[in-house]
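Enquirer: Numbering (full-length UniProt numbering), first residue to last: 1 to 120. Take this structure first; my questions come after.
The following block contains the structure:
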């Protein structure tokens with residue numbers, strides 16, 4: 001289970017239903033980090049230039065985390081952020097309804113990433 005009592009797959013689905021990154025070509029340093037990390041192949045290199053296809057984006061946010069120049073951004077303050085929080089709460093309510101009157105604490109970790117755990 002990922003944080004919020006949802007699986008990685010469920011959290012990824014919540015992400016991909018919302019906002020997509022914006023790509024600012026002027027800020028881009030052509031480091032290719034986004035091209036290398038993008039699981040949806042939304043970023044690609046052609047003729048020594050990075051290109052972005054929003055329709056291929058799965059919304060994982062990995063490109064934002066690795067971009068050193070801030071050329072890739074997402075409007076996280078949009079309604080999308082509330083959709084993710086609402087989805088996490090729905091996941092928690094489902095788990096809590098099955099394990100009534102039980103409280104658990106997890107104080108160990110695996111598949112740790114500095115980015116969203118939906119991609120871990």
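Yeah, the Cβ is synthetic: ideal placement off N, Cα and C, and Gly gets one too. Please read all numbers here as calculations on a predicted model, not as lab measurements.
1) Under 8 Å Cβ to Cβ from residue 64, same chain only, skipping five residues before and after it: list those, please.
2) Assign residue 62 to buried or exposed, taking buried as 16 or more other Cβ atoms, counted over all protein chains shown, within 10 Å of its Cβ.
3) Going by beta carbon distance, what residues of the same chain come within less than 7 Å of residue 36, once the five residues before and after it are set aside?
4) Can you list, in chain order, the stretches of the beta strand (DSSP E) that have 3 or more residues and sit fully within the UniProt domain "4Fe-4S ferredoxin-type" (19 to 47)?
5) Would you check if the distance between the CB atom of residue 28 and the CB atom of residue 66 is smaller than 8 Å?
6) Could you check if residue 91 is buried or exposed, using at least 16 other CB atoms within 10 Å of its CB as the buried criterion?
7) Alpha carbon to alpha carbon, how far is residue 99 from residue 38? Give it in angstroms, no decimals.
8) Provide the residue span of the beta strand (DSSP E) that contains residue 58, from first to last.
Expert: Checking against the coordinates, here is how it stands:
1) For the purposes of this step, residue 64 is taken as residue 64 along the chain shown, with counting starting at 1. Once the five neighbours on either side are set aside, the close Cβ partners of residue 64 are 21, 72, 73, 74.
2) Position 62 of the chain shown, counting from 1, holds the residue named residue 62. Looking at its Cβ environment, which holds 16 or more other Cβ atoms inside 10 Å, residue 62 is buried.
3) Your numbering for residue 36 matches position 36 in the chain shown. Hits under 7 Å: none found.
4) 43 to 46
5) Walking along the chain shown from the start, residue 28 turns up at place 28. Walking along the chain shown from the start, residue 66 turns up at place 66. Not a contact, by the Cβ cut-off of 8 Å.
6) For the purposes of this step, residue 91 is taken as residue 91 along the chain shown, with counting starting at 1. Residue 91 should be labelled buried.
7) Your numbering for residue 38 matches position 38 in the chain shown. Your numbering for residue 99 matches position 99 in the chain shown. Roughly 37 Å separates the two Cα atoms.
8) Taking the first residue of the chain shown as 1, we reach residue 58 at position 58. Element bounds for residue 58: n/a, residue is neither H nor E.
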